[in-house]
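Reviewing the structure listed below.
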Amino acid sequence: MTTPVCTSASEAATATAPARAQTFPYPSFSSYVKARQPVLLRTARSLTANPSDAEDLLQTALTKTYVAWERIEDHRALDGYVRRALLNTRTSQWRKRKVDEFACEELPEPEPLPADDDPAERQALHDAMWRAIMKLPARQRAMVVLRYYEDLSEAQTAEVLGVSVGTVKSAVSRALGKLREDPELGIVRS
Numbered sequence: 025m026t027t028p029v030c031t032s033a034s035e036a037a038t039a040t041a042p043a044r045a046q047t048f049p050y051p052s053f054s055s056y057v058k059a060r061q062p063v064l065l066r067t068a069r070s071l072t073a074n075p076s077d078a079e080d081l082l083q084t085a086l087t088k089t090y091v092a093w094e095r096i097e098d099h100r101a102l103d104g105y106v107r108r109a110l111l112n113t114r115t116s117q118w119r120k121r122k123v124d125e126f127a128c129e130e131l132p133e134p135e136p137l138p139a140d141d142d143p144a145e146r147q148a149l150h151d152a153m154w155r156a157i158m159k160l161p162a163r164q165r166a167m168v169v170l171r172y173y174e175d176l177s178e179a180q181t182a183e184v185l186g187v188s189v190g191t192v193k194s195a196v197s198r199a200l201g202k203l204r205e206d207p208e209l210g211i212v213r214s
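Using the working numbering, you'd call the opening residue of the sequence shown number 25 and step up by one each time.
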């Protein structure tokens, strides 16, 4: 009896289903990506103009990291390794880019920005927010930065600072109250 050379897609899918159930050879890589993906994505977004390009850039850098996982001796320095992979990958993309711009007699008019999306106003608000945050006591400032800029959970923030979750909740609540009252921010109160 001979076996058929060509199988249907459903037969092939059921034949490989147990293979898909296997785990990654590096479970520590999976846990690293789950834990650090938001922070690394913010870094990738700072290197590109488009969020979709940032996701692709991060995926490429993580692929390079996965391939080199066994060679990385100090897993405490993984963020630096991935950031370097992000930067090197972005530099390579930039060097390989195809220039699609041509000189012309007249410059096209840029699309007008919506009135509520003025970059100067956004930057002024950003600067005012940082000045207000810098007025906070050091402990509250650290908690606000860890919670909202580094996007850590309350439990993670408590662990980093060596305090209880309740301390983080109350300190962040007081800090946000002070930020709401800051006259420079001009937050509308109801």
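Using N, Cα and C, we set each Cβ at its ideal position, and we do this for glycine too.
Alpha carbon to alpha carbon, what distance is there between residue j and residue i?
i, j, result
"V184", "S177", "11 Å"
"T89", "L170", "26 Å"
"T287", "T181", "Since the first residue of the chain shown is 25 and the last is 214, residue 287 is not available in this structure."
"P49", "R60", "19 Å"
"R146", "T113", "30 Å"
"V187", "K58", "24 Å"
"L203", "I157", "7 Å"
"W154", "V63", "20 Å"
"A152", "V196", "19 Å"
"R163", "D175", "17 Å"
"D206", "Y105", "40 Å"
"P136", "E94", "51 Å"
"M167", "L131", "48 Å"
"D51", "N74", "Before going further, note that residue 51 is Pro rather than Asp in the sequence given. Their backbone Cα atoms lie some 30 Å apart in a straight line."
"T87", "F53", "11 Å"
"P134", "I96", "47 Å"
"H99", "L81", "21 Å"
"Y173", "K120", "33 Å"
"L71", "A127", "27 Å"
"G190", "T115", "44 Å"
Along the chain, where does the alpha helix (DSSP H) that runs through residue i open and close?
i, result
"N112", "102-120"
"H150", "143-159"
"E79", "75-91"
"R66", "51-71"
In chain order, what residues of the same chain lie with their CB nearer than 7 Å to the CB of residue i, ignoring the 5 residues before and after it?
i, result
"R107", "T67"
Give every residue of the same chain whose Cβ lies closer than 8 Å to the Cβ of residue i, excluding the five residues on either side of it in the sequence, and list them in chain order.
i, result
"L149", "L209"
"K159", "K202, D206"
"L102", "Y56, R60, T89, I96"
If I measure Cβ to Cβ from residue i and keep anything under 6 Å in the same chain, skipping five residues before and after, which residues do I get?
i, result
"A199", "L160, Q164, V168"
* Output the residue ranges of the alpha helix (DSSP H) runs that lie fully inside the region 165-206 and measure 4 residues or longer, sorted by chain position. => 178-185, 189-205
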